[in-house]
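In our numbering, the protein residues as written are 726 to 1259.
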C-alpha cells in the first residue's frame, strides 16, 4: 500500500506557524461547556465531523502546496492522514453529496431513477434528490444511538417552494416572513428525507439559485460555524455525527459577501451577527498582509479560503475545549475540483482525516480513494453495519492507516452526464454513450454540436446551451466517444491515445474494467451493459 509517514511532525508544524499572523488569530466564542463536563461522559464510540467544501482544488489548501492561508486545515494533515489521490465518483455538487452521505454511486439514487428508469441510460448531474426512506449516514448512525446534525449547503432536492421576487425588500416584514417559511420548509424536507436530527444554517442549493431576494444571496461562514458549534455544545455528552457542507469557496464572489451585513442569511436577518470566528475585517487585513490588495480573483480566492479555514479552526477549538479531540474523527474534503468539473477528467481534491486516538500523525496516502468511501469509513469506525438492502459501493479506509496487509483497489469508476470513466493511477479512460433518442440525431457532420450532456452547442448562447465550464477548451478530446490518457506523460489529458494501435491492449483492458463496473449498476450504458429491451 502506498501510505507513508511524512517528515513533518506535530512539533514542526506548530513551530512553523508559531508567531505568524494567522497563528496569532484569536477565536471569540458565544457557547461554552467546560472540558471537565464533557470528559465525564466520554464514550468509546467516536464522534464524527465531516466537512464537505464546495469547488475546492488541491492548490487551495496550504499542505497540498497552495499559496493560501490554511493553518487549521493543515494541522489536520499534520495530526492525521492526507490523501493525495481522492476523486469524487460524480464530480458535480448534487451527485457528489448523494454519494458522500450514502457510500453509493449516484446512479443508485432513487430520486434519479424516478427521472431515468433503469431501462435506459442514466443522465447524472444536479438530479439526485433524496427521498424519504432512503438510507443515509444519518439514518444508519441514528439507529445506533448517534445524534446527527447537518449545517450548510444541501442541494439534493427541495420541497415545493413559491419563489420570492429577486428585487423584493428582505427587510419588509411580509417578505421576511416568506423567507423564514422557505427556510423552515427546506429544513423540514431535509429532516424527512435524510433522517438528520438537527438541521440548521441551511442553504437549500447554490446561493444564487435560491428562491429568495438577491440581497440575501451571500455567503455567511460565520453563521454556519455558529450553527455547528451549537450542535456540538448540545450533544457533547453523547456520540454525534456532524455534517458541515460549506458554501465556500464556490461562487458568488466572496469579497462581496465579506463586505455584506454579517447578519444576512438565507433565512433572513439575524438579530445579532455571529461572533464565533475572526472578524471579516481581519480576513481582509490578512489578505492585505499577504500582498493581495487588488480587488481581483486572487484576493477573492485567498479570502474565501481564509474565511473557510477560520471556520474549521473554530470547530477544532471547540472540540479541544470540550475534551473531545482525541476521540473525534474529523474528515475534511470537497465535492469536486474546478478543472474538469462535471466530466470524467476532474482532478483530485483535498482529503484529510484526523482521528488522534487511532491515526498516526503525519501520514500520507497515495492510494486511489473516493467519496463513496467516506460513509463506509465512518460506519466502520463507529461499529455500525449498513442494513442488508443498502449495498455500499465504497470501502473503509481503516486498513490504509492501520497499514494492514490488505490489497487495495487499482481503479475507480467515474460517472457523470452521459459519460463513464475508469481511472487508474497512471491511466484514465473516458467513454461517451448517449441513449438512442440522442444518438439518432447525431451525424459525423454535427457531432461537435452535442456536448457530453447531449445538448446542442451554440456559440455565444446561454450557459445551459453550451459546454459547461469550458471543458471542450480544456480537453481537446472532449467530443471523442472513446478516450484514453496516459496520466504520467500527460497529466492534463491533452492527447487522446484511444486511436493509437500501440495502446490497443491498454484500451481493451480499460473497456473490460468498465464492463465489470457497469454489470453491477442499475442502468445500461452502451455496449458495456446493453439495454435488456422492451
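Idealized CB from N, CA, C, for every residue including glycine.
This structure is a prediction, so every number in the text was calculated from the model and none was measured.
Range covered by the alpha helix (DSSP H) that runs through residue 1240 = For the purposes of this step, residue 1240 is identified with residue 515 of the chain shown, where counting begins at 1. 1229-1244 is the extent of the alpha helix (DSSP H) around residue 1240.
key: Runs of alpha helix (DSSP H) wholly within the segment 1095-1139 (minimum 4 residues, chain order)   = 1099-1106, 1123-1127
query = Out of curiosity, what's the CA-to-CA distance linking residue 834 and residue 1067?
reply = Indexing the chain shown from 1 puts residue 834 at position 109. Indexing the chain shown from 1 puts residue 1067 at position 342. Cα to Cα, residue 834 sits roughly 17 Å from residue 1067.
ask   = Contact between the segment 847-862 and the segment 871-884: three or more CB pairs below 8 Å?
value = yes
ask   = Going along the chain, which unbroken runs of the beta strand (DSSP E) with 3 or more residues stay wholly within the segment 887-955?
value = Complete beta strand (DSSP E) runs here, min 3: 923-928.
message = On a Cα-Cα basis, can you pick out the residue from 1097, 952, 918, 845 that is closest to residue 883?
response = Here residue 883 corresponds to residue number 158 of the chain shown, with the count starting at 1. If we check each option's Cα against that of residue 883, 918 comes out closest.
request  = Taking all protein chains shown into account, decide if residue 1224 is buried (16 or more other Cβ within 10 angstroms of its Cβ) or exposed.
outcome  = As a working note, residue 1224 is residue 499 in the chain shown. Residue 1224 is exposed by the Cβ-count criterion.
task = On the DSSP bridge assignment, give the partners of residue 812 in chain order.
result = For the purposes of this step, residue 812 is taken as residue 87 along the chain shown, with counting starting at 1. Answer by DSSP bridge pairing, in chain order: 1095.
task = Could you pull out every unbroken alpha helix (DSSP H) segment of at least 4 residues lying fully inside the segment 825-861, listed in chain order?
result = The segment 825-861 contains these whole alpha helix (DSSP H) runs: 835-840.
request  = Along the alpha helix (DSSP H) that carries residue 1016, what are the first and last residues, could you check?
outcome  = As a working note, residue 1016 is residue 291 in the chain shown. Careful: residue 1016 lies outside any alpha helix (DSSP H) and carries neither H nor E.
message = Short of 7 Å in beta carbon distance, which residues of its chain neighbour residue 979, apart from the five on each side in sequence? Order them along the chain.
response = Here residue 979 refers to the residue found at position 254 of the chain shown. Result list for residue 979: 944, 973, 1025, 1028, 1029, 1032, in chain order.
request  = Check the DSSP bridge columns for residue 1090 and list the partner residues they point to.
outcome  = Along the chain shown, one-based indexing puts residue 1090 at 365. Answer is 728, 808.
query = With a Cβ-Cβ cutoff of 8 Å, do residue 1141 and residue 817 count as a contact?
reply = Here residue 1141 is taken as the residue at index 416 of the chain shown, counted from 1. Here residue 817 is taken as the residue at index 92 of the chain shown, counted from 1. Contact: yes.
key: Segment limits, alpha helix (DSSP H) that includes residue 1036   = Counting from 1 along the chain shown, the entry for residue 1036 is found at position 311. For residue 1036, the enclosing alpha helix (DSSP H) stretches over residues 1022-1047.
request  = Taking residue 961 as part of the alpha helix (DSSP H), name the residues at either end of that continuous run.
outcome  = For the purposes of this step, residue 961 is identified with residue 236 of the chain shown, where counting begins at 1. No alpha helix (DSSP H) holds residue 961; DSSP gives it neither H nor E.
ask   = How many angstroms separate the CA atom of residue 946 from the CA atom of residue 962?
value = Reading the chain shown from its first residue, position 221 is the one you call residue 946. Reading the chain shown from its first residue, position 237 is the one you call residue 962. So the alpha carbons of these two residues sit roughly 26 Å apart.
inquiry  = Distance check for residue 1144 and residue 814, CA to CA, integer angstroms please.
reply    = In the chain shown, the residue the question calls residue 814 occupies position 89. In the chain shown, the residue the question calls residue 1144 occupies position 419. If I take the Cα positions, the gap works out to 12 Å.
Cβ distance (whole Å) where residue 1081 is taken to contact residue 1051 below 8 Å = Start at 1 with the first residue of the chain shown, and residue 1081 comes out as number 356. Start at 1 with the first residue of the chain shown, and residue 1051 comes out as number 326. Yes, residue 1081 and residue 1051 are in contact; Cβ-Cβ is about 5 Å, under 8 Å.
task = Please name the residue in 829, 729, 938 whose C-alpha comes closest to that of residue 1115.
result = Position 390 of the chain shown, counted from the first residue, corresponds to residue 1115. Per the Cα distances, 829.
message = Rounding to the nearest angstrom, what Cα-Cα distance links residue 1086 and residue 892 in this structure?
response = Counting from one through the chain shown, the residue named residue 1086 turns up at place 361. Counting from one through the chain shown, the residue named residue 892 turns up at place 167. Between residue 1086 and residue 892, the C-alpha separation is close to 51 Å.
Distance, residue 1092 Cα to residue 1013 Cα = By 1-based counting over the chain shown, the position of residue 1013 is 288. By 1-based counting over the chain shown, the position of residue 1092 is 367. Going by the C-alpha atoms only, they are around 38 Å apart.
key: Distance between residue 1062 and residue 1180 (C-alpha atoms, nearest Å)   = Here the question's residue 1180 lines up with position 455 in the chain shown. Here the question's residue 1062 lines up with position 337 in the chain shown. When rounded, the distance between both Cα atoms is 23 Å.
inquiry  = By the three-class DSSP mapping on this structure, what secondary structure does residue 1153 have?
reply    = Position 428 of the chain shown, counted from the start, is the residue given in the question as residue 1153. The answer is strand: DSSP assigns residue 1153 an E or B state.
task = Tell me whether residue 1172 is buried or exposed, calling it buried when 16 or more other Cβ atoms sit within 10 Å of its Cβ.
result = One-based indexing of the chain shown puts residue 1172 at position 447. Flag for residue 1172 reads exposed.
query = Counting pairs of beta carbons, one from the segment 1117-1136 and one from the segment 1147-1156, are three or more of them closer than 8 Å?
reply = yes
inquiry  = Using 8 Å as the threshold, is the C-beta distance between residue 1057 and residue 1037 below it?
reply    = Position 332 of the chain shown, counting from 1, holds the residue named residue 1057. Position 312 of the chain shown, counting from 1, holds the residue named residue 1037. A contact, by the Cβ cut-off of 8 Å.
Residue nearest to residue 969 in terms of C-alpha spacing, selected from 1217, 1196, 898, 775 = Locating residue 969 in the chain shown gives position 244, where the first residue counts as 1. That would be 775, whose Cα lies nearest to the Cα of residue 969.
request  = Give the straight-line distance between the Cα atoms of residue 1249 and residue 1034, rounded to the nearest whole angstrom.
outcome  = Position 524 of the chain shown, counting from 1, holds the residue named residue 1249. Position 309 of the chain shown, counting from 1, holds the residue named residue 1034. Taking the straight line from one Cα to the other gives about 42 Å.
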